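Numbering-wise, the sequence shown is residues 1 to 192 according to the working numbering.
We put the beta carbon where it would ideally sit given N, CA and C, even for glycine.
Please read all numbers here as calculations on a predicted model, not as lab measurements.
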Amino acid sequence: MINLILFGPPGSGKGTQAVKLAEEFNLLHISTGDLFRSELKNETPLGLEAKKYMDKGELVPDEVTIGMLSNKLDEFAGKVDGFIFDGFPRTQPQAEALDKLLDLKNTGITVVLALEVPEDEIVSRIKERGKSSGRADDLDDSIIRNRFKVYLKETAQVADHYKKSDKFVALDGVGSIEAIAEALKNAVNEYK
Ligand code: AMP
């Protein structure tokens, strides 16, 4: 199996690139943000719980997020060539839970691909996306800044978890979508 993590701040292009990588390597793209938005659209208890945090740009509690992710893995294990995780893991406990879940399926993370984009570029990209994404958290300047702050405070250090095992590649996330896609594809081919 090939199991990839797309890592980086909100607005760094993870979603766009995950779709391309999923197609290239026949992987299931799992975006925890998309899963929460779908739950919210269906007004499920999980979606309504997640909304409390999403509206502030805070992280949904680990137990809720890990439970949802675990269900998704169980649903698709054996049916795909691997997974691409977008927006997960965002905390150390999530990273440890993911290791265990994959271990139970006799597999593991192939490589973590980190997209590096500076904060000002992030804010302008997310605002531009907000014009068409319909996401409340993409429109408000203070929520966008808070999401970046939460990334630096709670998520950035998750990189260390993977650097220890030499499965971490950082790439420049500023450039054309096609050029970045090519760089990501080459990185995966080196690790698979
Ligand atoms: P995203 O679409 O990845 O930007 O996520 C949108 C929002 O969903 C985040 O600001 C969080 O509130 C929530 N969320 C998505 N993924 C996670 C995660 N792995 N852990 C906690 N909260 C998450």
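For the pair of segments examined, the region 134 to 153 was found not to touch the region 101 to 116: the number of CB pairs separated by less than 8 Å stays below three. The Cβ neighbour count for S31, taken over all protein chains shown within 10 Å, is at least 16; the residue is labelled buried. Of the heavy atoms belonging to the ligand AMP, at least one sits nearer than 7 Å to the Cβ of M54. Taking the CA atoms as reference points, N26 sits about 7 Å from G82.
Around the Cβ of F76, a 10 Å sphere holds fewer than 16 other Cβ atoms; the residue is exposed. Here Q17 is buried: its Cβ has 16 or more other Cβ atoms, across all protein chains shown, within 10 Å.
Sequence-distant Cβ neighbours of R125 in its own chain, meaning closer than 6 Å and more than five residues away, are G11. Looking from the CA of D74, the closest CA among L104, L48 and F7 belongs to L104.
Here L101 is not near M68, since their CB atoms are 8 Å or more apart. Contact between F85 and L4 holds, since their C-beta atoms are separated by about 7 Å, short of 8 Å.
Set against 7 Å, the gap from the CB of L46 to the closest heavy atom of the ligand AMP is not smaller. Cβ-Cβ separation between V158 and T65: approximately 13 Å, too far for a contact (criterion under 8 Å).
Taking the Cα positions, L48 is about 14 Å away from L59. Cβ neighbours of G130 within its own chain (closer than 7 Å, five residues either side excluded): D138 and L139. Secondary structure of E154 (DSSP, three-state): helix. Between V188 and I2 a beta carbon distance of about 7 Å is seen, short of the 8 Å cut, so the two are scored as contacting.
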